[in-house]
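In what follows, a structure is listed as structure tokens, so that the remarks can point back to it.
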Amino acid sequence: LDLNPEFNPLGALQFLTPVQTAELLVLNISSLPNKDAIINLLFDYMTQLPKERNFTGFLSQLVGFLEKGRFSCSSYKTL
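According to my numbering, the sequence shown is numbered sequentially starting from 417.
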């Protein structure tokens, strides 16, 4: 996003790695919607085709970020 501020990662989900997808939940990117909306969008996207979209890889990365304390209390509630 530093290289291209116009880039919309939510429009390119199919090209993101599990790490990049999980980072969308913990990074503060002003051009993205609120965290609740991102959580709902990502989980809807990932659970449509969980094997093809590497849902388990995404969850593993997300757990790693959560263990580092990079998630707000309100986002925990949405999860």
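Beta carbons: idealized from backbone N, C-alpha and C, even for Gly. This one's a predicted model, so the numbers in the text were calculated from it and none came from an experiment.
query: Which residue comes first and which comes last in the alpha helix (DSSP H) that contains LYS451?; result: 451-464
query: Roughly how far, in whole angstroms, is the beta-carbon of ASP452 from the beta-carbon of THR494, given that I think they are within contact range, below 8 Å?; result: 5 Å
query: Kindly indicate which three-state DSSP category PHE487 falls into: helix, strand or coil?; result: coil
query: Helix, strand or coil, according to DSSP, for PRO421 in the structure here?; result: coil
query: Determine whether the beta carbon atoms of PRO425 and LEU419 lie at a separation below 8 Å.; result: no
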